[in-house]
Structures are given as structure tokens and as C-alpha cells.
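What the sequence shown shows, in the numbering used here, is residues 1470 to 1762, in sequence order. Report on the following structure.
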Amino acid sequence: MLPLLLELIPTLALGLAIGMRWPLLPGALAQPLVRFGIPLSVAALLLRSGLNRDFLQAGALALLLIAALMLLLHRWPRLMPSGVLQLGAVTGNTTYFGIPVALALLPPQALGAAIAYDLAGTLLSWTLGPRLVAAPGQGRRSFRRDLGQSPATHGFLLAFVLQLTPWQAPLAALLWWPARLVLLLALLLVGMRLGVMLNQGEIQPGFNWRPLAPALLFKMLLLPLLFAILGRLIALPAGVSDALVLQAAAPTAISVLLMAEAEGEGVNAAAGLVLLSTAMALVTVPLWWWLLR
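Quick look at the structure:
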């Protein structure tokens, strides 16, 4: 656990400082990272873990539970009246935060389950997400386009093709350390994006944080707990169950803020969720890992 914290905290802090000092740099870094780096790293992790029954089982469970919770929160909005809060309570930053955490803590064979969760979350984020965030009557984004542009999707397709070749094992070994470097850069990018948020005043002075509490507690505590309970009830392999819990414990996805900005709805709430949940994850993710042991 100490190596994870020594990786997370300095990397996020460095990214925060860079983002506040050079606010244009995250945009320049994000494009090649999303287009080439993350797909390559996801493919490398999948080649190492394998596309197997655990991958399909984890993806199906994540898809069903997250979709059910999204619909449940939308149907009974008493605690979380806004769509931004509902989406932020169930949508995690799995690609840039959750997968690096899984890589640091889990055995290689469990990494496929973490990526399956990421793919399920991406699918639901861009199908149900804009419908939760948008004001009535506003246009909807094409989820097929956004899913097709997801780095996790590209990485999955690349791994699927490479797994059909006779070079799967040597390619997995060759790409292992570059994949780790890319995921470290992804963590750095999260910190940089938070620095830009603070620098540009996306969270205004005097902002009331109390309405965010139900969504934060749900995201950081209740959602991982539900996955832990469900994993035990259906007797998932320990590595798969742990991967799902750690991915569920990832902070609110930056995509929630991007959707809020695009729709012009709940931007401050989305920014607050991303910032606070990322800070909380530095405590709650180690706590969940300790409880899983």
C-alpha cells in the first residue's frame, strides 16, 4: 500500500502544480495520450491478463449494477435532485485513476476485470449520462461516437486482434513497462486537470459543498460496498471481486464535468465532485484495499 501512496500523491501533486502554472499543457498532453498511449497500455494489460470468462463476467456485472443504480437514483431523486449528482455518484475515473491503482495493487490476471469495468462505465456514461445531465429539450450526444472514441475501446480491439497472432506472449512482455509509464502519465494528467480547474476558477469562492455530500458518500463508500457484497454473494474469484471494488472506489470521472460544461448544467457541482472525490480517494482507496485483505 505504501508504494501506491508514494506513486499517487507525488504524481497528482506534481500534476496539480503543472496545471496551475501551465494551464494549456494538459490539453497538449491529453490528445496523444488518449489517442495512442492509453489504448496501447490497455492492450498490453489485456494481453497480460487475457480476454477470458472473468473479463466477460466482470463487465456484465458492472454494466447491470451501474445501470440499475443510475435508473434508481433518477427515479427517486430526493437525496440527489440533480442529474449531475446522480451521474457523479456512479461514474468513476476508471481509465486515468482506477486502472493505475489496479495495476499497482492487483495481480496481472485480475487486470482484465478492471478494464471490463472501465468499458462498462464508458458505455453507460455516454448512453444514460447525457440524459441525466441535460436540461429537458436539449440535444443528445451520440453515445456510439463517444464509445467508439474511448481509449478503453481502442485498447480492447487492439488486444483482441493481437491475441489472435502467435506473438501474444512476447508482445505482452515488450509492452508491459511502456504501459506502466503511460498510466503514470495518466495520473499526472488527472492532477494537471485539477490544477487547471483551480486556476481558472471553475469552483467559485464561497461554493456550498454540502449538497455534494450524498453523491460523494455514495461514490466513495456505498458503491464499492455494493460491489464487494455482490462479489461475495455470487462467489466471484477474489481477484475479479477486488478489481471491481477498487474500480468502483475510483473518484468521479472528469467526463461528468465535460458533460456538464457541454450542457451548461451543474458545472460547479460537477467540478466540486471531481475535485473532492479525487482528494477523498487518496484515503478511501487504501482503506478499501485494507478491508479487502
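Just so it is clear, CB atoms sit at the ideal spot from N, CA and C, and this is done for glycine as well.
Could you name the residues of the same chain whose beta carbon sits closer than 7 Å to that of W1687, not counting the 5 residues immediately before and after it, in chain order?
-> For the purposes of this step, residue 1687 is taken as the residue at position 218 of the sequence shown. Here the sequence assigns Phe to residue 1687, which means Trp is not the residue at that position. Within the same chain, F1687 has close Cβ partners A1558.
What three-state label does DSSP hand P1561 in the structure shown?
-> Taking the sequence shown and counting its residues from 1, one reaches residue 1561 at position 92. Note that residue 1561 is Gly in the sequence shown, not Pro. Strand, per DSSP.
Check T1634 in the structure and name its three-state DSSP category.
-> Taking the sequence shown and counting its residues from 1, the one referred to as residue 1634 is at position 165. Coil, per DSSP.
Between the beta-carbon of Y1565 and the beta-carbon of L1713, is there less than 8 Å?
-> Numbered from 1 along the sequence shown, position 96 holds the residue referred to as residue 1565. Numbered from 1 along the sequence shown, position 244 holds the residue referred to as residue 1713. Result no, Cβ atoms of Y1565 and L1713 do not sit closer than 8 Å.
Use the C-beta contact count for R1517: other C-beta atoms within 10 angstroms, 16 or more gives buried, fewer gives exposed.
-> Counted from its first residue, the sequence shown places residue 1517 at position 48. Answer is buried; the Cβ neighbour count reaches 16.
What distance in whole Å lies between the Cβ atoms of V1511 and A1621, which are believed to be in contact at a cut-off of 8 Å?
-> Taking the sequence shown and counting its residues from 1, one reaches residue 1621 at position 152. Taking the sequence shown and counting its residues from 1, one reaches residue 1511 at position 42. In this structure, A1621 and V1511 form a Cβ contact; the two beta carbons are roughly 6 Å apart against a cut-off of 8 Å.
Report the partner residues of T1753 according to the DSSP bridge assignment.
-> If you number the sequence shown from 1, residue 1753 lands on position 284. Note: T1753 sits in no beta bridge, so no partner.
Cβ of V1709 within 8 Å of Cβ of A1579?
-> Walking along the sequence shown from the start, residue 1709 turns up at place 240. Walking along the sequence shown from the start, residue 1579 turns up at place 110. In contact: V1709 and A1579 (Cβ atoms closer than 8 Å).
Output yes or no for whether 8 Å exceeds the beta carbon distance between L1715 and V1503.
-> Locating residue 1715 in the sequence shown gives position 246, counting from the first residue. Locating residue 1503 in the sequence shown gives position 34, counting from the first residue. No, Cβ-Cβ distance for L1715 and V1503 is not below 8 Å.
Opening and closing residue of the alpha helix (DSSP H) in which I1703 lies = Taking the sequence shown and counting its residues from 1, the one referred to as residue 1703 is at position 234. Counting along the chain, I1703 falls outside any alpha helix (DSSP H), and DSSP gives it neither H nor E.
From the DSSP output, which residues share a beta bridge with T1721?
-> As a first step, residue 1721 must be located in the sequence shown, where it is residue number 252. DSSP, once it has assigned bridges, lists G1561 as partnering T1721.
Nonlocal neighbours in the same chain, by C-beta distance under 8 Å from P1546, ignoring five residues either side | What you label residue 1546 is simply residue 77 of the sequence shown in a count that begins at 1. Here the set comprises Q1555.
Please state if the CB of N1737 and the CB of V1659 are separated by a distance shorter than 8 Å.
-> What you label residue 1659 is simply residue 190 of the sequence shown in a count that begins at 1. What you label residue 1737 is simply residue 268 of the sequence shown in a count that begins at 1. In terms of Cβ geometry, V1659 and N1737 do not form a close pair [threshold 8 Å].
Between which two residues does the alpha helix (DSSP H) containing F1505 stretch?
-> Walking along the sequence shown from the start, residue 1505 turns up at place 36. For F1505, there is no enclosing alpha helix (DSSP H), as DSSP marks it with neither H nor E.
If you compare alpha carbons, which of L1756, L1631 and D1711 is closest to L1509?
-> As a working mapping, residue 1509 is identified with position 40 in the sequence shown. With distances taken between Cα atoms, L1509 lies closest to L1631.
Can you tell me which of W1759, V1553, I1703 and A1573 puts its alpha carbon nearest to the alpha carbon of A1420?
-> Since the first residue shown for the chain is 1470 and the last is 1762, residue 1420 is missing from the structure and cannot be characterised.
Please list, in chain order, all residues of the same chain as N1668 whose beta carbon is under 6 Å from its beta carbon, the five residues on each side excluded.
-> Taking the first residue of the sequence shown as 1, we reach residue 1668 at position 199. Only M1489 and P1492 meet the Cβ criterion.
Please report the Cβ distance between W1757 and A1718, rounded to the nearest whole angstrom; I am assuming they are in contact, meaning their Cβ atoms lie under 8 Å.
-> Within the sequence shown, numbered from 1, the residue matching residue 1757 stands at position 288. Within the sequence shown, numbered from 1, the residue matching residue 1718 stands at position 249. Confirmed, Cβ separation roughly 5 Å.
Counting only the same chain and skipping the five closest in sequence on each side, list residues whose C-beta sits under 6 Å from that of L1692.
-> Along the sequence shown, one-based indexing puts residue 1692 at 223. Cβ within range, chain order: A1717.
If you run the structure through DSSP and keep just helix, strand and coil, what is L1726?
-> Numbered from 1 along the sequence shown, position 257 holds the residue referred to as residue 1726. Reduced to three states, the DSSP call for L1726 is helix.
Between the CA atoms of L1657 and G1606 - distance to the nearest angstrom = The count along the sequence shown starts at 1 and reaches residue 1606 at position 137. The count along the sequence shown starts at 1 and reaches residue 1657 at position 188. Low confidence applies here, because G1606 scores a pLDDT of 48, under 50, leaving its location unreliable; read the following figure in that light. Computed Cα separation, rounded: 37 Å.
Using the Cα positions of A1729 and L1572, report the straight-line distance between them to the nearest angstrom.
-> Taking the sequence shown and counting its residues from 1, the one referred to as residue 1729 is at position 260. Taking the sequence shown and counting its residues from 1, the one referred to as residue 1572 is at position 103. Distance between the alpha carbons of A1729 and L1572 is about 30 Å.
To the nearest angstrom, report how far apart P1599 and L1515 are at their CA atoms.
-> Start at 1 with the first residue of the sequence shown, and residue 1599 comes out as number 130. Start at 1 with the first residue of the sequence shown, and residue 1515 comes out as number 46. So the alpha carbons of these two residues sit roughly 29 Å apart.
Straight-line CA distance for A1582 to A1731?
-> Position 113 of the sequence shown, counted from the start, is the residue given in the question as residue 1582. Position 262 of the sequence shown, counted from the start, is the residue given in the question as residue 1731. For A1582 and A1731, the distance between alpha carbons rounds to 31 Å.
Hey, how far is the Cα of R1701 from the Cα of G1670?
-> If you number the sequence shown from 1, residue 1701 lands on position 232. If you number the sequence shown from 1, residue 1670 lands on position 201. Each residue's CA atom was taken as its position, placing R1701 and G1670 some 43 Å apart.
When you compare only the Cα positions, how much space is there between M1539 and L1530?
-> Locating residue 1539 in the sequence shown gives position 70, where the first residue counts as 1. Locating residue 1530 in the sequence shown gives position 61, where the first residue counts as 1. Near 14 Å, if we compare the C-alpha coordinates of L1530 and M1539.
Among A1707, L1643, L1542 and L1525, which residue has its Cα nearest to the Cα of L1601?
-> For the purposes of this step, residue 1601 is identified with residue 132 of the sequence shown, where counting begins at 1. The residue with the shortest Cα to Cα distance from L1601 is L1542.
Any idea what DSSP makes of E1476, helix, strand or coil?
-> Here residue 1476 refers to the residue found at position 7 of the sequence shown. Three-state DSSP puts E1476 in a helix.
For E1483, which residues from the same chain have a beta carbon less than 7 Å from its beta carbon, with the 5 sequence-adjacent residues on both sides left out?
-> Here residue 1483 corresponds to residue number 14 of the sequence shown, with the count starting at 1. According to the sequence provided, residue 1483 is Leu. The question's Glu does not apply to it. Around L1483: L1657 and G1660.
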